[in-house]
Amino acid sequence: MGERNLPGFIMCVCTGKCPGFSKMDIWDFINQVRVELPVEYAFIHPQLCEEDGDRFLADFLKVHRKLIIGACAPNMQRKMFKDAFKEAGLDIEKDAVMLDIRDMTNEKALEVVKNALKELGLEEELI
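Using UniProt numbering, you'd call the opening residue of the sequence shown number 1 and step up by one each time.
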């Protein structure tokens, strides 16, 4: 993959008890993203919309890497995370790809992430 600046992938699972993730094995899914897709890293945060999520994003966004966030509806992500991106000197519209992966199986969610990676020009890196 060389010099390509690959995006990171964060999955927010709304405490792990959100019924929107009941069709998915989140651990298998995050491992598929991490191992099979052209991302620099992939991990799960339990609840990005809480205060500790704000603190985490404020610190984490200092890296200045495009992020793919798989979580709830993009309009909710935009509302919850725009301040953290702004404070890090980033534009949420340019520096984040917000995906709603609720109510999906692992296979469907993986396809959604793959499509986002293709839109970022990483189609040739996809396995």
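Just so it is clear, CB atoms sit at the ideal spot from N, CA and C, and this is done for glycine as well.
| Query | Result |
| --- | --- |
| Using a Cβ-Cβ cut-off of 7 Å (strictly less than) and excluding sequence neighbours within five positions of Lys114, which residues of its own chain qualify? | Leu37, Leu126 |
| Which residue's Cα is closest to the Cα of Asp91: His64, Val35, Phe9? | His64 |
| Contact between the stretch 89 to 103 and the stretch 32 to 52 is defined here as three or more beta-carbon pairs at a separation below 8 Å; is this criterion met? | no |
| Can you tell which of Arg4, Trp27, Leu122 has its C-alpha closest to the C-alpha of Glu107? | Trp27 |
| Looking at the secondary structure, which residues open and close the alpha helix (DSSP H) in which Ala116 lies? | 106 to 119 |
| Go ahead and pull the three-state DSSP assignment for Asp103. | coil |
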